[in-house]
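Asks:
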Amino acid sequence: MVCPHAAAPSCHGKLTLIAAGLLVGGAAIGYFIGQKLAKNKARCNHHVKLNTDKVVDTVDIEDVGEKKAYCRCWKSKKWPLCDGSHTAHNKESGDNVGPLVVKGKPAPAES
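The end of the sequence shown is residue 1098 by this note's numbering, with every number in the run present.
(1) For the alpha helix (DSSP H) that K1064 lies in, which residues bound it at each end?
(2) Please name the residue, chosen from C1060, A1025, V1011 and I1048, that lies closest to K1078 on a Cα-to-Cα basis.
(3) At a threshold of 6 Å, does D1040 count as lining the ligand FAD (C-beta to nearest heavy atom)?
(4) Hey, is Q1022's beta-carbon within less than 7 Å of any beta-carbon in chain D?
(5) How long is the line joining the alpha carbons of K1001 and Y1018, rounded to whole angstroms?
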């Protein structure tokens, strides 16, 4: 917007205030959008039991059998068991997460 020569001093002041207001408003909007996006990215669990405050699963050691792999990347479709989804997660994110492997005691040898 160009100011006419006759009203130049007051017009330039108004344009400066408008520009400053737009700059501050844009910065505030950008800040709040950035905060919202960062909050969503900080979450590691996007699928499992989202309606609870804390996800806790208990497994009896007798149910483990010989060996079981439990998910630690929160991407498994067979939660709490690992289905190998961490492989794709690691490629996408550069992470190095893997499953928790629990081994049961082998059965004693019969004599």
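Ideal Cβ placement from N, Cα and C applies to all residues, glycine included. All of these numbers come straight from a predicted model, not from anything done at the bench.
Replies: On the basis of the data shown:
(1) Here K1064 belongs to no alpha helix (DSSP H), and DSSP marks it neither H nor E.
(2) C1060
(3) No copy of the ligand FAD occurs in the structure displayed, which carries no ligand at all.
(4) Given the protein chain composition of this structure (a single chain), no chain D is represented.
(5) 26 Å
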